[in-house]
Amino acid sequence: MLLQRIFASVLLLACVGLALMAWPYQAAFSYEPVGPRAFPLLMLGLMGLALLYMVFRPAPIKHSEDEPPLDRQTLTKIAICVVLLLVFAGTFEPLGFIVASIITGVPMARLYGGRWLPSVVIISLMAVGLYLLFDRLMDVPLPLGLLSVLEN
Numbered sequence: 001m002l003l004q005r006i007f008a009s010v011l012l013l014a015c016v017g018l019a020l021m022a023w024p025y026q027a028a029f030s031y032e033p034v035g036p037r038a039f040p041l042l043m044l045g046l047m048g049l050a051l052l053y054m055v056f057r058p059a060p061i062k063h064s065e066d067e068p069p070l071d072r073q074t075l076t077k078i079a080i081c082v083v084l085l086l087v088f089a090g091t092f093e094p095l096g097f098i099v100a101s102i103i104t105g106v107p108m109a110r111l112y113g114g115r116w117l118p119s120v121v122i123i124s125l126m127a128v129g130l131y132l133l134f135d136r137l138m139d140v141p142l143p144l145g146l147l148s149v150l151e152n
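Sequential numbering from 1 applies to the sequence shown in full-length UniProt numbering.
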C-alpha cells in the first residue's frame with residue numbers, strides 16, 4: 001500500500017512539472033480555437049486528479065483471482081508492447097500512418113492471441129478507416145509516407 005502511494009506521489013510530481021512546462025507554451029500559429037496547450041493541460045489535470053485519489057484513498061487496491069499475475073510472461077508482453085509503440089513512433093513519419101499502423105498492429109494482435117488472417121485484415125481496414133476519418137472528415141493531416149503516390 002505504501003509503495004502504491006509513493007508511486008502515485010512521484011507521478012503526481014511529474015504531472016505538476018509537466019504542467020508547469022506546458023503552461024507558458026504559445027504556438028506561432030493557431031490551428032484550433034483553444035490553442036495547442038489545452039490538450040496536454042487537460043490530460044495532465046485528469047491524470048493529476050486520479051493520482052490525488054490514489055495518494056489519499058482510504059484503503060489499498062485489492063487484487064482478485066481474475067487478474068493475471070505480474071509474472072515473467074506478462075512483463076515480457078508489456079515490454080514487447082512498449083517496443084512496438086516505439087516502432088510506431090519511429091516509423092510514423094517515414095512510412096506513413098497506414099503502413100506504420102499495420103506494421104505495429106498485426107504483431108500486437110498476434111501477441112494477444114489473434115490469428116494471422118483476421119489480424120491482417122482487421123488491422124488493415126482499421127488503419128485505412130482511421131486515416132480517412134482523421135484526414136478527410138476531421139481535417140487532421142496524417143502522413144501517407146510510402147503510400148503518398150496514391151494521393152491525388
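The C-beta atom is built at its ideal place from N, Cα and C for all residues, glycine as well.
None of these values were measured; they are calculated from a predicted model.
* Does the count of Cβ pairs from the region 121-133 and the region 69-76 closer than 8 angstroms reach three? -> no
* Asked: Measuring CA to CA, which of ALA19, ASP66, GLN26, PRO58 is closest to PHE46?
  -> Sequence inspection shows Leu at residue 46; the Phe mentioned does not correspond to that position. With distances taken between Cα atoms, LEU46 lies closest to ALA19.
* Distance, GLY48 Cα to ALA14 Cα -> 9 angstroms
* Looking at the unbroken alpha helix (DSSP H) that takes in SER124, where does it start and where does it end? -> 116-131
* **Bounding residues of the alpha helix (DSSP H) (the contiguous stretch that carries LEU18)** => 2-22
* Taking all protein chains shown into account, do 16 or more other C-beta atoms lie within 10 angstroms of the C-beta of ALA80, making it buried, or fewer, making it exposed? -> For the sequence presented, residue 80 should be read as Ile rather than Ala. Exposed, by the Cβ-count rule.
* Sorted by chain position, which residues of the same chain lie with C-beta nearer than 7 angstroms to ASP135's C-beta, five sequence neighbours on each side aside? -> PRO141, LEU142
* PRO24: which of LEU12, PRO40, PRO107 sits nearest, CA to CA? -> PRO40
* **Nonlocal neighbours in the same chain, by C-beta distance under 8 angstroms from GLU93, ignoring five residues either side** => PRO143, GLY145
* Measure the alpha-carbon distance for ARG115 versus VAL106 and round it to whole angstroms. => 9 angstroms
* Do the CB positions of residue 154 and SER119 come within less than 8 angstroms of each other? -> The displayed coordinates of the chain run from 1 to 152. Any statement about residue 154 would go beyond what the structure contains.
* When the distance is taken between beta carbons, is VAL99 closer than 8 angstroms to LEU147? -> yes
* Give the secondary structure of PRO141 by DSSP, where H, G and I count as helix, E and B as strand, and everything else as coil. => coil
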